[in-house]
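Participant: Just so you know, my numbering puts the end of the sequence shown at 267, numbered straight through with nothing missing.
Where is the CB? At the ideal position from N, CA and C, for every residue including glycine.
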Amino acid sequence: MVADLSRYLPLSRRPDVDESGVTADRRAETAEVLRSVATVLRAGGDELWSAPTDRPGWRVADVTADLVRGFDRTRTRRALDAAERLVRGGEARRLDELERLSGPSAGADALDTRAATVLGRERATGVAELDDAVVAALLVGGAAGADVPLSARASGAVALRRAAAAPTEIRAVISGHALRATDAGWEFGHGSPLVDTANALLRFLMGIGTVAPHPPRGDERDDVPSA
């Protein structure tokens, strides 16, 4: 079901428009997410900085340090880091970066600096880097008890990437269905839709949340065809 999802980009349920300028460059979306996370860190202060996240053993401070230090990783480095998290769990922390990031203000400043760097460089930013930022946004937002704002293009691109590479247990749920974000205007896939908010769909696709998307009900139903 998900092998050909890339042909549904750009993700949208809007009327057809001229999208000849669409690009795979995710610099703008990535910088926007990084700045949104920085805003939440400043608002949450020290209490949020030390709060636990939905990644077992990881605090908001650990997630922020991991994002700052690990951004722009190669594919090989990403695989090694994923294996380290699997084996060592919450102990796999970026202690050197944490020592430099003395608190939420320093963490937020580092993310703002990273956002400016992303926007200012010549080379494009791919969806893998955007994915890093969105994962951090979901973890930090969950700890703060609020959703970190994500644009429809950011949430849709990462959802598509995650659905295409979903593990067996998640693939079993979404197979034979389209996925529809009720608050972001995007839908992709084949079959009867499963719906939820963009953040909830992302949490499920990333294995952060255990609540699966559901068939539309009530005012979630409409007659707009999928993209």
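Which of the three DSSP states, helix, strand or coil, is assigned to Pro144?
Facilitator: Note: Pro144 maps to helix in three-state DSSP.
Participant: To the nearest angstrom, how far is the alpha carbon of Thr165 from that of Ala68?
Facilitator: Going from the Cα of Thr165 to the Cα of Ala68 covers about 9 angstroms.
Participant: Indicate whether the contact test is met: 3 or more Cβ pairs, each with one atom in the region 102–110 and one in the region 223–230, closer than 8 angstroms.
Facilitator: Contact between the region 102–110 and the region 223–230 is absent, because fewer than three Cβ pairs lie under 8 angstroms.
Participant: Per DSSP, what kind of secondary structure is Glu87 in: helix, strand or coil?
Facilitator: Helix.
Participant: Looking at C-alpha atoms only, which residue of Gly110, Asp86, Ala177, Asp172 is the closest neighbour of Ala146?
Facilitator: The option with the nearest alpha carbon to Ala146 is Asp86.
Participant: Excluding the 5 residues flanking Arg201 on each side, which residues of the same chain have their C-beta closer than 7 angstroms to its C-beta?
Facilitator: Closer than 7 angstroms at the Cβ level, and outside the excluded window around Arg201, lie Val167, Asp171.
Participant: Name the residue from Val174, Leu178, Glu162 whose alpha carbon lies nearest to the alpha carbon of Pro92.
Facilitator: Minimum Cα distance to Pro92 is reached at Leu178.
Participant: Quick check on the DSSP output: the alpha helix (DSSP H) that includes Arg243 runs from which residue to which?
Facilitator: Where Arg243 is concerned, the enclosing alpha helix (DSSP H) stretches over 238–245.
Participant: Would you call the region 190–209 and the region 235–247 in contact, with 3 or more CB pairs under 8 angstroms?
Facilitator: Touching, yes.
Participant: Per DSSP, what kind of secondary structure is Gly196 in: helix, strand or coil?
Facilitator: If DSSP states are grouped into helix, strand and coil, Gly196 belongs with the helices.
Participant: Tell me whether the beta-carbon of Pro253 lies closer than 9 angstroms to the beta-carbon of Leu219.
Facilitator: Yes, the Cβ-Cβ distance between Pro253 and Leu219 is below 9 angstroms.
Participant: For a quick check, are the C-beta atoms of Ala173 and Val73 less than 9 angstroms apart?
Facilitator: Contact flag set, yes.
Participant: Per DSSP, what kind of secondary structure is Val188 in: helix, strand or coil?
Facilitator: It is coil, neither helix nor strand.
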